[in-house]
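This note's numbering numbers the first residue of the sequence shown as 83 and each following residue consecutively.
For every residue, glycine included, the Cβ atom is placed at its ideal position computed from N, Cα and C.
Here the structure is laid out as structure tokens; the discussion comes afterwards.
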Amino acid sequence: MKIGILGATGPAGSGLAARLAACGQKVYAGSRDQAKADATVRELAERWGPRLAHIEATTNAGAAEAAEIVVLATTAKATVATALEHGARLAGKPVVSMANAMRRVGSSFEPVRIEEGSIAQAVQQAAPEALVAAALHHIPAAALMDLDRPTLHGDVAVVADDLEAMRATQAMVSAMPELRALDGGPLANAVALEAFCAVLLTVNLRYGGKASLRLMPAS
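This is how it looks when you write it as structure tokens:
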């Protein structure tokens, strides 16, 4: 699988790039600045060695063009603008939005409402020909980056209107051992995924935990 990560120099993007590359996927680690992408990939290679043989530094444009599936790993504020900038390159491709719009208020996090409903829905409007899915909101960046912990534990709800986007995103998630990709329904449900991240972070902040999402089947 050829995976392009736009914004791969941030915590979430670099963690996801490292984890996927270590699992044998071809990863294009993108940035607005080629030099910044080079530096990030160099740091990852120095830290993890030959496990990251399948990662390549490039620009966001290069990652969007080369990949079969694209992940928007930029900050929440930059995600929609990035989709708009590269809309033509994203056309016809599965595009995964993993951003959460939230703010910290005292000892809590609160979701920030946006006009389109969710960041993922705003991405779909910004890049109407892209096959948008939303996923990976509840997996901590630090856990993705810690390759000495060979497996992650958690469920990843994937929401999408397009069947190809759903299947491609589930396949990418499933490439990471112990992550279970679940069909969470249409893209409209991204509102719930993004908002729940505020709840999860608040629980972790108040109790000093590192909890992620785990859904148990009914008995």
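Contact set for residue i: own chain, Cβ-Cβ below 8 Å, skip 5 residues either direction
{"i": "valine 240", "result": "Ala215, Ala216, Ala217, Met248, Thr251, Gln252, Val255, Ala263, Leu264, Asp265, Gly266"}
{"i": "valine 238", "result": "Ala217, Leu218, His220, Ile221, Val255, Leu261, Arg262, Ala263, Leu264, Leu295"}
{"i": "valine 205", "result": "Leu154, Thr161, Val162, Ala165, Val177, Ser179, Ala212, Val214"}
{"i": "glycine 174", "result": "Glu211, Ala212, Leu213"}
{"i": "alanine 117", "result": "none"}
Same chain, Cβ closer than 6 Å to residue i, five either side skipped, listed in chain order
{"i": "histidine 168", "result": "Ala146"}
{"i": "cysteine 105", "result": "Ala257, Met258"}
{"i": "valine 273", "result": "Gly199, Ser200"}
{"i": "alanine 94", "result": "Ala155, Ala223"}
{"i": "glycine 304", "result": "Because the chain spans 83 through 301 in this model, residue 304 falls outside it and cannot be assessed."}
{"i": "tyrosine 110", "result": "Gly86, Glu138, Thr140, Ala145, Ala148, Ala149"}
{"i": "alanine 270", "result": "none"}
{"i": "alanine 242", "result": "Ala215, Met248, Leu269"}
{"i": "alanine 280", "result": "Met184, Phe191, Glu192, Pro193"}
{"i": "histidine 235", "result": "Glu260"}
{"i": "glycine 97", "result": "Ala223, Leu226, Met227"}
{"i": "alanine 74", "result": "Nothing can be reported for residue 74, as the shown portion of the chain is limited to 83 through 301."}
Candidates the options: closest to residue i by CA position
{"i": "isoleucine 196", "options": "Gly86, Val162, Asn142, Leu297", "result": "Val162"}
{"i": "leucine 172", "options": "Val194, Ala148, Ser190", "result": "Ala148"}
{"i": "threonine 91", "options": "Met83, Lys84, Arg101, Asp115", "result": "Asp115"}
{"i": "alanine 277", "options": "Arg186, Leu98, Leu229, Lys108", "result": "Arg186"}
{"i": "isoleucine 131", "options": "Gly188, His235, Leu98, Asp230", "result": "The identity of residue 131 in the sequence shown is glycine, whereas the question assumes isoleucine. Ranking the options by Cα distance to glycine 131, first place goes to Asp230."}
{"i": "arginine 133", "options": "Ala117, Ala99, Ala143, Asn142", "result": "Ala99"}
{"i": "glutamine 203", "options": "Ala170, Leu275, Ala143", "result": "Leu275"}
Same chain only: Cβ atoms within 7 Å of residue i, ignoring 5 sequence neighbours per side
{"i": "alanine 158", "result": "Ala181, Asn182, Ala183, Ile201"}
{"i": "serine 301", "result": "For serine 301, the pLDDT reaches just 45, beneath the cut-off of 50, and the residue's location in the model is therefore unreliable, although a value from the coordinates is still provided. Here the set comprises nothing."}
{"i": "glutamine 107", "result": "Met83, Ile85, His136, Ala257"}
{"i": "serine 189", "result": "Leu287, Arg288"}
{"i": "alanine 103", "result": "Val109, Leu134, His136, Ile137"}
{"i": "alanine 143", "result": "His168, Arg171"}
Inter-residue CB distance, residue i and residue j (contact presumed, cutoff 8 Å)
{"i": "phenylalanine 191", "j": "leucine 283", "result": "5 Å"}
{"i": "arginine 101", "j": "leucine 245", "result": "At roughly 26 Å, the Cβ-Cβ gap does not stay under 8 Å, so arginine 101 and leucine 245 are not in contact."}
{"i": "alanine 121", "j": "glycine 112", "result": "With a Cβ gap of about 13 Å, alanine 121 and glycine 112 do not count as contacting."}
- Tell me, please, whether the segment 123–138 touches the segment 198–210 by the rule of three or more beta-carbon pairs shorter than 8 Å. By the Cβ test, the segment 123–138 is not in contact with the segment 198–210, since fewer than three Cβ pairs between them sit closer than 8 Å.
- Message: Would you call the segment 172–181 in contact with the segment 146–161, where contact means no fewer than 3 C-beta pairs closer than 8 Å?
- Response: As far as the Cβ criterion goes, the segment 172–181 touches the segment 146–161, which means the pair count is three or higher.
- Item | Three or more C-beta pairs below 8 Å linking the segment 276–295 and the segment 137–150 | No, the segment 276–295 is not in contact with the segment 137–150.
- Task: Please go through the segment 170–253 and give each complete alpha helix (DSSP H) segment of 4 or more residues, from N-terminal end onward.
- Result: List check, alpha helix (DSSP H) in window: 201–208, 223–227.
- Can you list the alpha helix (DSSP H) stretches of 4 or more residues lying completely in the segment 86–139, in chain order? Complete alpha helix (DSSP H) runs here, min 4: 93–104, 116–130.
- Those runs of the beta strand (DSSP E) which lie wholly inside the segment 255–297 and span at least 3 residues: Unbroken beta strand (DSSP E) stretches of 3 residues or longer found wholly inside the segment 255–297: 261–265, given in chain order.
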